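Residue numbers (the working numbering), protein chains in the order written: chain W, 1 to 226; chain G, 1001 to 1462. We put the beta carbon where it would ideally sit given N, CA and C, even for glycine. Small disclaimer: the values here were computed from a predicted structure and weren't measured.
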């Protein structure tokens, strides 16, 4: 799932970037353009983000949490507002810190096409580009750190404590939004082994098996947020 | 939460008006009168003697001073000392009496009065007696002991009257047969002359007289206690002086804590991020050199630099979060503490019961109490789990309470220069307090209390 210009045939993925630091805004634009995206707008604050989204109707918005005027969580609020106006808008939020709480707020505004990543992840270009594409396609991508917080919050949970260490690893990767194939690649195991683990996890946690990766992520997240 | 909200006893309990308290209050009032007589008898002669001696001393010294004034001789000060010496026995006696009274007020009325005396100097008995005589608190003690006579008489009268009223109404029917064969006079022409009438009046009047007696005794003992508090306790200026002392000390401790914090940040940046950036720049510099002749080596160096850059990022992120977590400002204590617990190396249960956001300084301090406690638990005590409880309580004062417990080895203490004493310093800037209960073998309980009344009137409570 590496991003190449040939990824989506004729039409490139259209993206709006909101990032207040000029340096990083330019860098992100260049990075995404290099990877074959079409950057239709790059703005520096929440108000302009909402306006740009209404104007361009992009396939995905990449948004920094902290922006003017107060440098708190304007980006998150603007993203949630934009989703109110353009329902189903895929949003990938970047943050200097990821906090499970922010992730939860974002997921509440709609879990389809939602990403929440630590800003540092930009440094791993292929993974980052894949995440943007995933979100644009309606997938859910959560930073491992958020998943870690979710898991540790529920440390006393009976279902969770019955999982084997390997199953916990698989569960964490599922919560991050990885597909079975991606999980298999990360853990250096076969796809069949992953499927077996997934089945066992769903059984132990009492979750209904679903066919699509996306609904599976939602089920796991719903369970972790309990 | 297994931890109760009271890790240490609180003063100022509001006990109900029980019968036992009524009896002790009545006993207090009854004994005040003879004590008043006693102290009056003991104190008045030395007062008179003192006045007489002082007048003589002043007369003699005035004469001497007139002669010495122009020389500016240090003998002038002898005048003051002489007066102090004359009044010293009286002052010492008053202080003794006041100490007994303070014990009585606390014991019988449940009204603790803190001793207001200045610190006694080292030296001979004479020096100490002189210091007593120069302490205004000793003279306020004397005033109280003299007032004990009229106040005690009033209290005595009230108790006797209340007793008579209650017993009188209870025995009303009997009077018909003993004292008033023609009927008891009730009001002008109205007389009680039959037994049923007497019973009815007794039944109606008994609750009234009992209640009146009850209220009178409590009212008078309360008034007595208030007088005791005013004269035997620290005066307003003494309280303010003590408050200034506390504030001066806490200010300098807060300053030191802030400076120590800056030093820590400097050290962290210098030892961590800065070194990593140097190594990163070095890798990139070498890669630039090798780019043309040895692209494979250059690529390896760039790879290394990339990893180094990511580590710097995560290190700086942790550092910045340690200075002030953004989520605390944005969302408040509950989410911030939950996130902190989520990052902790040991499992942490968080229970935050707050309805409103609190002042930023309070939230930040509470947050750092938990940070420090959890990092201690994870690093030093070898705990396998911890729990955090935060709540606001109204009594005995409006305050925020933060409790962190862990099941580690215990033995934590407030040693100077340690992390916990740094916390105590930060808390003292907000008039907060830190309690540590950490027996060897654990468990450890850390409790911080931060007052929330912004009126600045906290000195009243200490």
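Bridge-paired residues (DSSP) for residue i
i: residue 41/W; result: 16/W
i: residue 1435/G; result: 1447/G
i: residue 116/W; result: 93/W, 142/W
i: residue 1403/G; result: 1389/G, 1447/G
i: residue 1353/G; result: 1391/G
i: residue 61/W; result: 16/W, 91/W
i: residue 1415/G; result: For residue 1415/G, which the question treats as bridged, DSSP gives no partner whatsoever.
i: residue 1348/G; result: 1386/G
Chain-order list of residues whose beta-carbon lies under 8 angstroms from that of residue i (same chain, five-residue window excluded)
i: residue 1277/G; result: 1312
i: residue 1385/G; result: 1346, 1347, 1348, 1349, 1406, 1407
i: residue 1135/G; result: 1091, 1117, 1118
i: residue 180/W; result: 191, 194, 195, 198, 213
i: residue 59/W; result: 13, 14, 15, 90, 136
i: residue 1457/G; result: Low confidence applies to residue 1457/G: its pLDDT is 43, below 50, so where it sits in the model is not reliable, and the reading given next is rough at best. There are no such residues.
i: residue 1284/G; result: 1301, 1302, 1305
Expected contact under 8 angstroms - CB spacing of residue i and residue j to nearest Å
i: residue 140/W; j: residue 218/W; result: 7 angstroms
i: residue 1028/G; j: residue 1104/G; result: 7 angstroms
i: residue 1093/G; j: residue 1042/G; result: 7 angstroms
i: residue 177/W; j: residue 134/W; result: 7 angstroms
i: residue 19/W; j: residue 28/W; result: 6 angstroms
Of the residues the options, the one placed nearest residue i, counting alpha carbons only
i: residue 1026/G; options: 1214/G, 1146/G, 1139/G; result: 1214/G
i: residue 1149/G; options: 1032/G, 1345/G, 1173/G; result: 1032/G
i: residue 83/W; options: 73/W, 95/W, 68/W, 113/W; result: 113/W
i: residue 1422/G; options: 1234/G, 1372/G, 1051/G; result: 1372/G
i: residue 35/W; options: 138/W, 149/W, 189/W, 128/W; result: 128/W
i: residue 1168/G; options: 1409/G, 1202/G, 1245/G, 1135/G; result: 1202/G
i: residue 1157/G; options: 1220/G, 1387/G, 1083/G, 1066/G; result: 1220/G
i: residue 1389/G; options: 1102/G, 1333/G, 1258/G; result: 1333/G
i: residue 1194/G; options: 1210/G, 1113/G, 1173/G; result: 1173/G
i: residue 1351/G; options: 1387/G, 1254/G, 1420/G; result: 1387/G
i: residue 1327/G; options: 1305/G, 1095/G, 1317/G, 1339/G; result: 1339/G
i: residue 200/W; options: 103/W, 77/W, 165/W, 107/W; result: 165/W
i: residue 1321/G; options: 1367/G, 1141/G, 1446/G; result: 1367/G
i: residue 106/W; options: 26/W, 93/W, 122/W; result: 93/W
i: residue 104/W; options: 146/W, 203/W, 63/W; result: 146/W
i: residue 1216/G; options: 1419/G, 1316/G, 1023/G; result: 1023/G
i: residue 1412/G; options: 1106/G, 1163/G, 1218/G, 1380/G; result: 1380/G
i: residue 1145/G; options: 1059/G, 1162/G, 1336/G, 1102/G; result: 1102/G
i: residue 1160/G; options: 1375/G, 1344/G, 1114/G, 1030/G; result: 1030/G
i: residue 144/W; options: 1395/G, 1342/G, 1438/G; result: 1342/G
i: residue 1344/G; options: 1358/G, 1253/G, 1353/G, 1375/G; result: 1375/G
Same chain, Cβ closer than 7 angstroms to residue i, neighbours up to 5 away in sequence not counted
i: residue 81/W; result: 50
i: residue 224/W; result: 150, 151, 154, 175
i: residue 1014/G; result: Its pLDDT being 41, under 50, residue 1014/G is placed unreliably by the model, and the measurement read from it follows with that caveat. The answer is none, since no qualifying residue turns up.
i: residue 943/G; result: Nothing about residue 943/G can be reported from this structure: the residues present for chain G run from 1001 to 1462 only.
i: residue 1250/G; result: 1428, 1429
i: residue 1035/G; result: 1148, 1152
i: residue 76/W; result: 65, 93, 102, 105, 106
i: residue 1138/G; result: 1091, 1094, 1095, 1132
i: residue 1409/G; result: 1381, 1382, 1441, 1442
i: residue 216/W; result: 174, 210
i: residue 1378/G; result: 1344, 1345, 1346
Minimum Cβ-Cβ distance from residue i to chain B less than 9 angstroms
i: residue 168/W; result: No chain B is part of this structure, whose protein chains are labelled W and G.
Same chain only: Cβ atoms within 6 angstroms of residue i, ignoring 5 sequence neighbours per side
i: residue 111/W; result: 140, 218
i: residue 1459/G; result: Residue placement at residue 1459/G is flagged as unreliable, the pLDDT there being 39, under the threshold of 50; a coordinate-derived value is accordingly withheld.
i: residue 1398/G; result: 1452, 1453
i: residue 1063/G; result: none
i: residue 41/W; result: 16, 52, 56
i: residue 1402/G; result: 1366, 1369, 1390, 1448
Closer than 8 angstroms: residue i CB and nearest the ligand HEM heavy atom
i: residue 1324/G; result: The ligand HEM is not among the ligands present in this structure, which contains no ligands whatsoever.
Name the residues in the stretch 121-135 of chain W whose C-beta lies less than 7 angstroms from a C-beta of chain G; which are they? 123
Report the residues of the stretch 84-118 of chain W with a CB closer than 7 angstroms to any CB of chain G, ordered along the chain. 96, 97, 99, 100, 101
What residues in the stretch 1240-1264 of chain G bring their beta carbon closer than 8 angstroms to a beta carbon of chain W? none
Select from the stretch 1286-1315 of chain G all residues with a C-beta closer than 8 angstroms to any C-beta belonging to chain W, and list them in chain order. 1306, 1309, 1310, 1313, 1314
When Cβ atoms are compared, which residues of the stretch 10-40 of chain W fall closer than 8 angstroms to chain G? none
Selection of the stretch 65-76 of chain W by Cβ proximity to chain G, strictly under 8 angstroms: 66, 72, 73
Cβ-based contacts, 7 angstroms cut-off: residues of the stretch 1400-1412 of chain G near chain W: none
When you check each C-beta in the stretch 1315-1337 of chain G against every C-beta of chain W, which residues fall closer than 7 angstroms? 1317, 1321, 1326, 1327, 1329, 1330, 1331, 1335
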